[in-house]
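For this note's numbering, count along the sequence shown from 1 and bump the result up by 694. Note that the Cβ used here is the ideal one computed from N, Cα and C, for glycine as well.
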Amino acid sequence: MTPTALQLLQLLQQLSQARIRFSCSQLSGVAGGRPKELEVPARILARERLALRLFAGLADKERSEVMLARARFLRLLLESAPRRLQGWSDQDPLDRMPPSRLFEWISHDFEQLELAQIEAQMTTGEAPG
């Protein structure tokens, strides 16, 4: 994999973590309008634009490799979901949910969504086995 493709994979994971942390702060009420938290969506958007530029600069084969590698990683994360979410109920009130549990819950949802988006873009030959 080229350095640009590896940079893109790293950036995609950073974006994922930033989105999850921001969603956690929104749901838990931690954001509360603090100046630093207000900058987060703009920083996420700037990183998304960079990811799109990097992706556009890749050859078709490299794009496929990046999508496949990301999909495989997301599948590994989703396979661990039963352990990560063990004992959790979607009926648990957010105000009593431990921050780590909220993080795992949001992570799981984002992982499923991102994997579905990637798989929708893949051709039959690209789909992970």
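Q. Using the rule of at least 16 other Cβ atoms within 10 Å of the residue's Cβ for burial, across every protein chain shown, is A810 buried or exposed?
A. For the purposes of this step, residue 810 is identified with residue 116 of the sequence shown, where counting begins at 1. That one is exposed.
Q | Whole runs of the alpha helix (DSSP H) within the stretch 729–766, excluding any shorter than 4 residues | A | 729–750
Q) DSSP three-state call for E780: helix, strand or coil? A) Mapped onto the sequence shown, residue 780 falls at position 86. Strictly speaking, residue 780 in this sequence is Gln, with Glu absent from that position. Three-state result, Q780: coil.
Q. According to DSSP, is S710 helix, strand or coil?
A. The sequence position of residue 710 within the sequence shown is 16, counting from 1. DSSP places S710 in helix when its eight states are reduced to three.
Q | Check whether S717 and I812 have beta carbons under 7 Å apart | A | The sequence position of residue 717 within the sequence shown is 23, counting from 1. The sequence position of residue 812 within the sequence shown is 118, counting from 1. Contact: no.
(Q) Just verifying my parser: in three-state terms, what is the DSSP assignment at Q815? (A) As a first step, residue 815 is located in the sequence shown; it is residue number 121 there, counting from the start. Reduced to three states, the DSSP call for Q815 is helix.
Q: Excluding the 5 residues preceding and the 5 following L703 in the sequence, name in chain order all residues of the same chain whose CB lies nearer than 7 Å to its CB.
A: By 1-based counting over the sequence shown, the position of residue 703 is 9. Excluding sequence neighbours, L703 sits near V760, A763 and R764.
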